[in-house]
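Participant:
Here it is, written out as structure tokens:
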């Protein structure tokens with residue numbers, strides 16, 4: 112199945128690269144004069160995309176090579192849409208000229224206008240590529256939100272991040288800058304809502320301790336995301352438990368005095384329920400995976416019902432398959448807000464939620480974050496990453 116999907120994906124990207132080469136690059140005289148170099152460049156981009164797609168999962172590339180390959184997709188993505196825009200615009204201009212112009216345009220003037228237009232598209236496309244890279248690789252901006260929580264006695268500054276995807280693209284430098292930016296917000300509590308790790312856990316051992324530098328009054332709470340399952344739960348948990356002071360919530364809750372905070376195992380646990388070795392649970396004992404499937408009953412068993420409650424659950428669609436009515440606020444990630452247009456539509460269809468604040472009931476709200484990092488190709492467009500600062504007001 113993976114091979115078939117990969118072939119379809121690469122066929123689409125191959126055709127897109129041909130479209131860019133013929134309909135944009137070969138309309139610019141300077142590039143026409145060096146067509147073989149341009150064709151070679153386009154072929155190299157395609158080979159890089161192919162290599163990334165086929166081999167990314169087995170970690171055979173070092174961080175530098177992986178990073179370069181991950182950046183290749185932005186070229187095809189942005190220049191395809193730039194070229195498509197140019198073709199559509201040119202069609203309507205030709206139609207308009209035929210309908211309104213009674214005198215033919217000067218051929219030299221027409222050629223000059225086309226040259227300036229196509230060259231402008233080239234510069235614009237390069238700008239979009241650089242912007243897409245920056246959106247993915249830079250430490251995200253802070254999104255501030257004002258909420259109220261009934262029953263909360265004192266205001267609360269909660270900082271939320273999700274989907275950091277530490278690995279070969281985002282690693283020690285990024286994590287250090289992310290921690291520093293969070294500390295600058297002076298949070299009362301920090302929550303990490305899954306997909307923190309997206310590489311072999313041993314590759315993070317020398318820098319994951321930077322999470323211990325997070326400063327807050329109540330500590331840092333963490334729940335599993337689907338990528339932690341893919342990378343081997345026993346190793347993920349070993350590294351996090353021995354190298355960090357994260358408070359890991361797996362189908363459990365903690366009474367923090369004024370409110371409860373609970374965390375669910377990820378829905379990915381249901382996929383691997385009969386395949387413990389598939390999620391790296393060999394060292395956790397017989398029937399261990401039952402502890403790593405979402406269990407809302409266990410998560411709510413110790414809630415102080417006279418206090419407001421916050422639930423951390425990586426995938427937002429969990430609210431549609433589990434009873435979260437005991438909670439006032441559910442915090443999720445996973446969707447990346449689509450990461451790049453137009454994939455948000457696919458994410459929305461799969462999850463039922465995409466991004467932002469949702470009213471699930473008169474009592475319960477859901478917030479879905481776009482995440483702090485990215486997955487796969489090093490690109491974000493119309494779906495910026497974020498650090499969420501929730502200023503939660505007390506409400507009697």
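Numbering (my numbering), first residue to last: 112 to 507. Ideal Cβ positions, reconstructed from N, Cα and C, are used throughout, including at glycine.
What is the DSSP secondary structure of residue 243, reduced to helix, strand or coil?
Facilitator: helix
Participant: Quick one: residues in its chain with C-beta nearer than 6 Å to the C-beta of residue 264, no 5 flanking neighbours on either side, listed in chain order?
Facilitator: For residue 264, where only same-chain residues beyond five positions count, the Cβ hits under 6 Å are 369 and 505.
Participant: Which residue from 317, 270 and 228 puts its Cα closest to that of residue 480?
Facilitator: 270
Participant: By the three-class DSSP mapping on this structure, what secondary structure does residue 396 have?
Facilitator: Reliability fails at residue 396, whose pLDDT of 42 lies under 50, so the model's placement of it is uncertain and no value is given.
Participant: So residue 365 and residue 356 are supposed to be a Cβ contact under 8 Å. How far apart are they, rounded?
Facilitator: With 8 Å as the limit, residue 365 and residue 356 do not qualify as a contact, their Cβ atoms being about 14 Å apart.
Participant: Would you kindly check if the distance between the Cβ of residue 186 and the Cβ of residue 156 is under 8 Å?
Facilitator: yes
Participant: What first and last residue would you give for the alpha helix (DSSP H) that runs through residue 353?
Facilitator: 344 to 354
Participant: Provide the residue span of the alpha helix (DSSP H) that contains residue 153, from first to last.
Facilitator: 146 to 166
Participant: Can you round the beta-carbon distance between residue 247 and residue 489 to whole angstroms, since I take them to be within the 8 Å contact cut?
Facilitator: 5 Å
Participant: Within 10 angstroms of the Cβ of residue 394, are there 16 or more other Cβ atoms? Answer buried if so, exposed if not.
Facilitator: Caution is warranted here: a pLDDT of 43 is assigned to residue 394, below 50, making its placement in the model unreliable, and the coordinate value is therefore given only provisionally. Per the 10 Å Cβ criterion, exposed.
Participant: In its own chain, which residues sit with a C-beta less than 6 Å from the C-beta of residue 519, not counting the 5 before and 5 after it?
Facilitator: Nothing about residue 519 can be reported from this structure: the residues present for the chain run from 112 to 507 only.
Participant: DSSP on residue 125, reduced to helix/strand/coil?
Facilitator: helix
Participant: If you drop the 5 nearest sequence neighbours on each side, which residues of the same chain put their C-beta closer than 7 Å to that of residue 429?
Facilitator: 375, 378 and 405
Participant: Evaluate residue 217 with the Cβ neighbour count: other Cβ atoms within 10 Å of its Cβ, from every protein chain shown; 16 or more gives buried, anything less gives exposed.
Facilitator: Residue 217 counts as exposed, since fewer than 16 other beta carbons sit within 10 angstroms of its beta carbon.
Participant: State the CB to CB distance for the pair residue 262 and residue 418, rounded to an integer number of angstroms; the pair is presumed to be in contact (CB under 8 Å).
Facilitator: That belief holds up - the Cβ atoms of residue 262 and residue 418 are roughly 6 Å apart, short of 8 Å.
Participant: Kindly list the residues whose CB is nearer than 7 Å to the CB of residue 466, restricted to its own chain and excluding five residues on each side of it in sequence; keep chain order.
Facilitator: The answer, listed in chain order, is 446, 448, 479 and 481.
Participant: How many angstroms separate the CA atom of residue 117 from the CA atom of residue 310?
Facilitator: Cα to Cα, residue 117 sits roughly 21 Å from residue 310.
Participant: Please classify residue 128: is it buried, with 16 or more other beta-carbons within 10 angstroms of its beta-carbon, or exposed?
Facilitator: buried
Participant: In this structure, does DSSP put residue 231 in helix, strand or coil?
Facilitator: helix
Participant: Sort 177, 133 and 184 by Cα distance to residue 124 and report the nearest one.
Facilitator: Nearest C-alpha to residue 124 among 177, 133 and 184: 184.
Participant: What distance in whole Å lies between the Cβ atoms of residue 424 and residue 436, which are believed to be in contact at a cut-off of 8 Å?
Facilitator: Their Cβ separation, rounded to whole angstroms, is 14 Å, which puts residue 436 and residue 424 out of contact at 8 Å.
Participant: Alpha carbon to alpha carbon, how far is residue 507 from residue 331? Give it in angstroms, no decimals.
Facilitator: Taking the CA atoms as reference points, residue 331 sits about 26 Å from residue 507.
Participant: From residue 202 to residue 439, what distance separates their C-alpha atoms?
Facilitator: 53 Å
Participant: Straight-line CA distance for residue 494 to residue 147?
Facilitator: Distance between the alpha carbons of residue 494 and residue 147: 36 Å.
Participant: Does any heavy atom of the ligand ADP sit closer than 7 Å to the C-beta of residue 470?
Facilitator: In terms of ligand content, the structure shown is empty, and the ligand ADP therefore cannot be addressed.
Participant: Quick one, which of 434, 160, 136 and 245 has its alpha-carbon nearest residue 150's?
Facilitator: 136
Participant: List, from N- to C-terminal side, the alpha helix (DSSP H) runs of 4 residues or more that fit wholly inside the stretch 258 to 339.
Facilitator: 283 to 294
Participant: Ignore the nearest five residues each way along the sequence and tell me which others in residue 396's own chain have a CB closer than 7 Å to its CB.
Facilitator: Residue confidence for residue 396 is low, a pLDDT of 42 falling below 50, so the modelled location carries little weight; the figure read from the coordinates is stated next. Cβ neighbours of residue 396 beyond the five flanking positions: none.
Participant: To the nearest angstrom, how far is it from the Cα of residue 291 to the Cα of residue 179?
Facilitator: 26 Å
Participant: Assuming residue 455 and residue 274 form a contact by the criterion Cβ under 8 Å, report the distance between their Cβ atoms to the nearest whole angstrom.
Facilitator: The C-beta distance from residue 455 to residue 274 rounds to 14 Å, too long to meet the 8 Å contact threshold.
Participant: For residue 450 and residue 426, which I take to be in contact (beta-carbon distance under 8 Å), what is that distance rounded to the nearest angstrom?
Facilitator: Contact doesn't hold; Cβ gap of about 15 Å is too wide.
Participant: Mapping the DSSP letters down to three states, classify residue 455 as helix, strand or coil.
Facilitator: helix
Participant: Going by C-alpha distance, which of 189, 199, 278 and 200 is nearest residue 234?
Facilitator: Here the closest residue by C-alpha is 189.
Participant: Report the option in 452, 284, 277 and 318 whose CA atom is closest to the CA atom of residue 486.
Facilitator: 277
Participant: For residue 119, which residues from the same chain have a beta carbon less than 6 Å from its beta carbon, with the 5 sequence-adjacent residues on both sides left out?
Facilitator: none
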